[in-house]
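Structure record follows, encoded as structure tokens.
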Amino acid sequence: MATTATEGERHVHVLAVPLPAQGHLNPLMRFCKLLLKHHQNRGSLRVTFLDFYAANDSADHSFSFEFHDDRLLQRVRFPFPSLSQPLTSLGTFFDSLVCIESGLEHLIQFFNRHGVPVTCLLTDVLTTFPTQDVADKLGISRIAVFTSSAARLLLINYVAQKDILSMETVMDAINSKERRDELFCDSVPGLPRLLNKDLPHYNYIIDDTRTVWEFVNRSWKACNSRAHAVVINTFEELEPSACSLLSQDCDVPLYDVGFWIEILSGDTSTSMREEDERCIGWLDQQPTSSVLYISFGSTTILSKPQFEALLHGVINSQQRFLWVLRPGLVDDIDHCSASKEIISRSENRGFVVDWAPQLRVLSHSSVGGFLSHCGWNSTVESIANGVPILCWPYFADQHLNARCIVDVWRVGFDFKHSVKGDYLIESHEIETVIRSLIEGKEGGILRKNAYELKQKSSRCFDSSGSSLLKLTALINDM
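For the sequence shown, this note's numbering assigns the number 5 to the initial residue and increments by one for each residue that follows.
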């Protein structure tokens with residue numbers, strides 16, 4: 005086990021519990037690395053990061069330890085039975101989180117008996133149940149981590165408080181498919197002008213929208229009344245109104261201390277897929293700002309007609325591209341055949357991988373744009389590297405993020421859907437928007453805006469930067 009702090013030194017042992025989903029693993033690990041980097045007395049801070057693995061028995065309390073960063077960071081393999089089962093619904097997945105409670109309590113007691121006692125839980129907002137119950141039972145503090153935008157949390161807070169927006173108003177707007185392009189709000193403090201289609205929905209496998217909204221609201225209410233503090237992966241200059249309103253309305257301290265963008269590799273990698281490094285060598289051979297990076301994250305699913313329209317539009321745009329074509333992205337299509345078709349039609353302008361080292365890609369000088377599903381991690385990584393975004397949101401908070409990207413920060417374009425048939429984005433629209441970004445005057449304006457936003461984000465961790473000052477305050481409060 006890790007050694008104890010020196011005599012007279014107050015030790016802090018943070019146990020980090022992520023939501024076991026790709027989009028939630030990376031930001032929590034990056035925040036742990038950020039804490040270790042900026043903690044002034046590094047020897048007194050230890051971080052233990054839980055790595056969930058598929059287990060067949062919820063009573064399995066088998067842990068294994070790996071130490072990194074001069075024993076200041078350790079990773080513990082922790083059993084989670086739901087990972088061994090096919091995902092049938094988001095609601096069922098969230099309900100299954102309660103099964104980790106006894107094992108988590110057992111692990112903390114193990115540390116308390118045999119190593120450095122755990123003094124703080126650092127857990128995803130969506131793991132509030134059961135991690136807050138464990139923290140309360142064992143008398144340790146819990147810091148909740150929100151891995152999306154301040155605007156998203158503000159929207160949750162409004163619905164949870166039921167003063168400005170109600171659950172029924174939101175559900176009615178989301179469920180009105182024929183009114184998806186109608187205005188939902190344009191004067192709610194801290195939020196951008198939103199259409200009905202911009203509201204977060206959870207129609208994935210089955211339509212879990214109401215179930216997930218209710219679960220998120222319960223989780224947030226518990227955080228807001230019982231957590232020691234809440235941290236968000238954003239920064240004050242990016243979302244000034246939302247951050248300010250949340251700080252005023254929250255009953256616990258709230259710290260906007262983003263961005264968390266350290267490249268994770270080797271012993272700190274949290275990728276659930278193998279990253280294909282060959283694409284970096286290909287990027288090295290391309291001209292500056294000439295490549296469109298295409299990635300839809302870990303959950304987006306495209307219909308076969310939409311994939312064919314996308315392929316046609318990308319090829320006809322005559323632009324260079326790096327395409328992440330993960331298995332399962334396209335319904336009813338052979339993955340290997342699709343990859344070969346893209347390459348054969350690209351005339352040496354394209355490169356295809358199953359999964360990419362995304363931060364290294366976005367920081368590469370040859371990348372001039374990102375066709376993205378607009379997950380918050382991808383949004384953050386793109387902004388931090390000054391890369392403009394072509395917005396292709398799928399579900400959850402992605403439509404809200406896209407609205408901010410296009411209308412508030414003005415660092416991206418969106419696509420117009422056809423009003424006919426299956427609400428597809430047609431190939432001509434895709435071709436036109438890609439050309440506009442890479443070659444057009446409007447694309448140049450977006451790149452200028454993106455560069456300015458990149459500069460703002462980098463200044464947040466200067467000696468007097470807003471994120472560094474707040475992170476220091478958080479560390480002092482731990």
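Don't be surprised by glycine CBs; every beta carbon is placed ideally from N, CA and C.
- Nearest Cα to I298 within the set G372, E266, D260 and S245: G372.
- Assigned with DSSP and collapsed to three states, C103 falls in helix.
- Judged by DSSP in its simplified three-state form, R353 adopts coil rather than helix or strand.
- By the beta-carbon neighbour count (other beta carbons within 10 angstroms, threshold 16), L366 is buried.
- Around the beta carbon of D288, fewer than 16 other beta carbons sit within 10 angstroms, so the residue counts as exposed.
- In this structure the stretch 323-341 does not lie against the stretch 444-464, because fewer than three pairs of beta carbons, one per stretch, are closer than 8 Å.
- Here DSSP, grouped into helix, strand and coil, assigns A148 to strand.
- A direct Cα-to-Cα measurement between I160 and R349 gives close to 44 Å.
- With distances taken between CA atoms, D255 lies nearest to A231 out of Q310, H316, V220 and A231.
- When C-alpha distances from F465 are compared across V192, E240, T173 and L29, the shortest belongs to E240.
- Classified as buried, R50 has 16 or more neighbouring CB atoms from the shown chains inside 10 Å of its CB.
- At a Cβ-Cβ threshold of 9 Å, L169 and W224 do not count as neighbours.
- A straight-line Cα-Cα distance of about 12 Å links Q322 and I434.
- Between D55 and R34, the gap from beta carbon to beta carbon reaches 9 Å or more.
- Counting every other CB atom within 10 Å of its CB across the protein chains shown gives V163 a total of 16 or more, marking it as buried.
- Residue environment: T92 is assigned as exposed (fewer than 16 neighbouring CB atoms within 10 Å of its CB, all protein chains considered).
- Secondary structure note for R324: its beta strand (DSSP E) is the uninterrupted segment R324 to V328.
- Annotation: the continuous beta strand (DSSP E) that includes S376 extends over V371 to S376.
- Checking the DSSP bridge columns, you'll see L38 has no partner listed.
- Closest in C-alpha terms to L187, from the list S294, V410 and I178, comes I178.
- Per DSSP, the continuous alpha helix (DSSP H) segment holding D481 begins and ends at S470 to D481.
- A direct Cα-to-Cα measurement between L404 and H377 gives close to 11 Å.
- DSSP places R81 in the uninterrupted beta strand (DSSP E) bounded by L77 to F84.
- In the three-state reduction of the DSSP assignment, R50 falls in the strand class.
- Below 8 Å, enough C-beta pairs join the stretch 188-202 and the stretch 403-421 to call them touching: three or more.
- Here the alpha carbon of L198 sits roughly 45 Å from the alpha carbon of H110.
- DSSP places V235 inside the beta strand (DSSP E), whose first and last residues are A233 to I236.
- No Cβ-Cβ contact shorter than 9 Å links D411 with V357.
- Beta-bridge annotation (DSSP): T127 is paired with V21 and A148.
- Under the DSSP definition of a beta bridge, I298 partners with W327 and L375.
- Nearest in C-alpha terms to N116, of all of A454, P392, E278 and H17, is H17.
- The residues A177 and N200, in chain order, have a CB closer than 8 Å to that of R183 in the same chain once the five nearest residues on each side in sequence are set aside.
- One thing to note: L39 has its Cβ within 9 Å of the Cβ of L475.
- Under the DSSP assignment, F311 falls in the alpha helix (DSSP H) whose first and last residues are K308 to N320.
- Around the beta carbon of K308, fewer than 16 other beta carbons lie within 10 angstroms, which makes this residue exposed.
- Taken atom to atom, the span from the alpha-carbon of L457 to that of L242 is near 8 Å.
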